[in-house]
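Read top to bottom, the protein sequences are chains Z and A.
Following our numbering, the numbering of the first sequence begins with 512 at its first residue and continues without gaps.
Following our numbering, the numbering of the second sequence begins with 6 at its first residue and continues without gaps.
Backbone N, C-alpha and C fix where the C-beta goes; we use that ideal spot for every residue, glycine too.
One structure is given here, and the rest of the page talks about it.
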Amino acid sequence: MGSVSIRDARKAYGNVEILHGVSIDIADGEFVVLVGPSGCGKSTLLRMLAGLEEISGGEIAIDGKVVNSLPPKERDIAMVFQSYALYPHMTVGQNMGFSLKLARAPKDEIKRRVAVAAQMLSLDPYLDRYPRQLSGGQRQRVAMGRAMVRDPKVFLFDEPLSNLDAKLRVQMRSEIKQNHQRLSTTTVYVTHDQIEAMTMADRIVVMHDGIVEQIGTPLELYDFPDNLFVAAFIGSPSMNILGGKLQAGSFIAADGSAIPLPFAPTGMDGRVVSMGIRPEHFVLDPQGLSAQIITVEPTGSETQVAMRLAGHDVVGVFRERITARPGEHIQVRPEQGRIHLFDGETGKRIKHS
Amino acid sequence: MSAVAAAPSKLKRTGLPVPLIIIGSVLLVFVCLFPFWWMGLSSIKTLRELYTIPPIWWPSMPTLDNYRKVLFESNIPRYFLNSVVVSVGSTGLALILAIFASYGFARFNFRGKPLLQSFVLVGQLLPTAAIIVPLFITLRVLGLVNTYWGLILVYMILTLPLSVWMLTSYFKAIPVELEEAAIIDGASRIGCLFRITLPLSIPGLVSVLVYAFVTTWNEFIFALCFATDSSVKTLPIGLAEFSTEFNTDWGAVMAASVVMTLPIAILFLSMQRLFVGGMTAGATKG
């Protein structure tokens, strides 16, 4: 069990700084997901935590102990790699017991702990096989088993599911989640897939260009994104962003159409803002704004509609079945209290209550 | 071959017709093996039969007399021992040094690495004749002329460059994540090398081993210059000694050649599968 504290961590290769001071506090037993587009520095941060990359600045502490200069084996962490990184010349059992063998644990102890982990992951029939004889999902489980056998303070996952096909990914997702609920070991999980982040995390850290954009629970990020980047990154299909300005309690879009706001931001008349509306927060309303339909994509349970609203191409998701055809108009309005406003210059959320 | 045979018969064969392939292969094998066959044959002929024209394809009276001469009346057994000591010694030394040098080149970035890597090859580019005199002077100063160590070191110089390059590309083809996983599992750098990288590089190591051994086993010029005493002379020199100014005992030469070829043939055949695997893996992945 262990907490993790990252204080102003920086990473630079030569003169190029790619992590510009990241601070995250992770409580004991928490499942934290680092998410962001490729190149945002999330994997680098994880590798710094693991000790595979040097820390150029700042401080990383595990369980209250600063680990900046400690080698990986003294940090009491275990890592699951994207490519699984199973040792091809060792059997499943040997792979899982390798760390204990290096630590000179007694043979029967190794055997016992490997057996426990193997049973938990239903790998017991495969202990004598080699990694090449396993399927992708089984390899993934061996990689997790190798981490679990050590009973470390912190689990690190580096995009562990991106090599699996879609169906297996969903299944492994819930397996990882279940294992975490059973073991409650502090977990730091890196992914670029926001669905994975939303479904697995206790808390999500959204990263972008080497900085932390926002830290919060999945629903906090969904309901109250701090800025345009988080707003657009979390949620699928992603949030519609409309450019315009505020005037007399309404949002005036670029083409001049007005969307009344349920709240009246005072003293902000004329301010340039972006309005965000999630596709699922449009409702059909005969008194609403007129939108021209571009395409209709029914999935059975819901209907996804691409439409042109107030001079912008937007996407709406409706529980109702839409019978209108492309080119026709429907009347929609944003759901009450579900409108997000962001400053036009800084992209920061404009708080209202 | 088995992969081709196992492929569904519905697939249409491409390329040359089968009879042509068989004829071609037989011809190639014949051309390659003929010298060996002739060597073996000549070693059991009597001296008179050796010189007949047209040549005799099968001796009327096969004799082991040449072998008796080579094994009991010449220096060949001693030379064989010398060759074994020198080849095993220099191959072992080259392999150990190549492993560490290649691992460094493959896994670490340091100042001057490209320059060092090129310098490793430069030794290989120099013509033998150009380095023979400097080497001789060096060995004489060090007191290593006519010693096992002298030949072992010279042969190591000869085989090390290519060994380093072969192993470097082999090591590079092994995913870094495996070593990172091992480091997180608690292995040291040396532990990574010996527990992860080397076991996965066995085909590469075997290629280097076979290459270095065969090269040193067959080497002639350096042995001729640096080993003038019969206590350190190697087999290729021994072969040449059967030729004197006026006469060459071809029967004995052939018998000695067979003796010299056997270890190489055994080495090749026993490691053939690993060796071939190593050559192709290095070629495609490196």
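In terms of beta-carbon proximity, E182 of chain A lines the interface with chain Z, with at least one pair separated by less than 8 angstroms.
Taking a cut-off of 8 angstroms for Cβ pairs, the stretch 241-258 of chain A and the stretch 68-87 of chain A touch, as three or more such pairs fall below it. For V723 of chain Z, the closest of Z:L530, Z:Y524, Z:V515 and Z:K522 by C-alpha to C-alpha distance is Z:L530. Going by beta carbons, S673 of chain Z and Q593 of chain Z fall inside the 8 angstroms limit. Residues of the same chain with a CB within less than 7 angstroms of the CB of V263 of chain A, apart from the 5 flanking positions on each side, are M44, G45 and S48 in chain order.
A217 of chain A has a beta carbon lying at 8 angstroms or more from every beta carbon in chain Z.
Using a Cβ distance threshold of 8 angstroms, A589 of chain Z and A658 of chain Z count as a contacting pair.
Against chain Z, the CB of G196 of chain A has a partner CB under 8 angstroms away; the residue lies at that interface.
By the C-beta density criterion, E185 of chain A is buried, having at least 16 other C-beta atoms within 10 angstroms. Within chain Z, the residues placing a beta-carbon under 7 angstroms from that of I201 of chain A are Y598, ordered along the chain. Relative to the Cα of T555 of chain Z, the nearest Cα in the group Z:T834, Z:I621 and Z:E670 belongs to Z:E670. Contact with chain A is absent for K618 of chain Z, since none of that chain's Cβ atoms lies less than 8 angstroms from the residue's Cβ.
The closest CA to that of R558 of chain Z, considering only Z:R521, Z:F740, Z:E846 and Z:G858, is found on Z:R521. Using a 10 angstroms sphere on the CB of H840 of chain Z, the tally of other CB atoms stays under 16, which defines it as exposed. The DSSP assignment places complete alpha helix (DSSP H) segments of no fewer than 4 residues inside the stretch 232-273 of chain A at 240-246, in order along the chain. The Cβ atoms of V93 of chain A and T239 of chain A lie no closer than 8 angstroms to each other. Taking C-beta atoms as the reference points, S236 of chain A and T173 of chain A fail to come closer than 8 angstroms. Counting only the Cα atoms, L102 of chain A lies some 58 angstroms from E731 of chain Z. Between the stretch 528-545 of chain Z and the stretch 689-707 of chain Z there are three or more C-beta pairs closer than 8 angstroms, enough to call the two in contact. Within the same chain, P790, F793, V816, M818 and V843 come within 7 angstroms of G827 of chain Z by CB-CB distance, once the 5 residues on both sides are set aside.
Around the C-beta of R714 of chain Z, 16 or more other C-beta atoms lie within 10 Å, and the residue is accordingly described as buried. As computed with DSSP, G727 of chain Z is found in a beta bridge with Z:I715.
Contact between the stretch 209-227 of chain A and the stretch 632-650 of chain Z is absent: fewer than three C-beta pairs spanning the two stretches fall below 8 angstroms. Put simply, the CB of A192 of chain A is near chain Z, with a gap under 8 angstroms to one of its CB atoms. Separation of the CB atoms of L267 of chain A and P599 of chain Z is rounded to 35 angstroms, and the pair is thereby denied contact status at 8 angstroms. As the crow flies, the alpha-carbon of S549 of chain Z is around 25 angstroms from that of I788 of chain Z. For the pair G608 of chain Z and V660 of chain Z, the CB atoms are nearer than the 8 angstroms cut-off. Three or more Cβ pairs closer than 8 angstroms define a contact, and the stretch 129-146 of chain A falls short of that threshold against the stretch 74-81 of chain A.
Following the DSSP letters along the chain, one finds E182 of chain A inside the alpha helix (DSSP H) bounded by residues V181 to I189.
Annotated three-state conformation of P24 of chain A is helix, per DSSP.
Taken in chain order, the stretch 77-123 of chain A contains no complete beta strand (DSSP E) segment of 3 residues or longer. Secondary structure of Q758 of chain Z (DSSP, three-state): strand.
For K678 of chain Z, the uninterrupted alpha helix (DSSP H) segment begins and ends at A677 to L694.
Taking a Cβ-Cβ threshold of 9 angstroms, the residues of chain Z close to L205 of chain A are Y598, P599 and H600, in chain order. As DSSP reads the structure, Y524 of chain Z sits in a beta bridge with Z:V527. By the Cβ-count criterion, Q705 of chain Z is buried, with 16 or more other Cβ atoms from all chains shown falling within 10 Å of its own Cβ.
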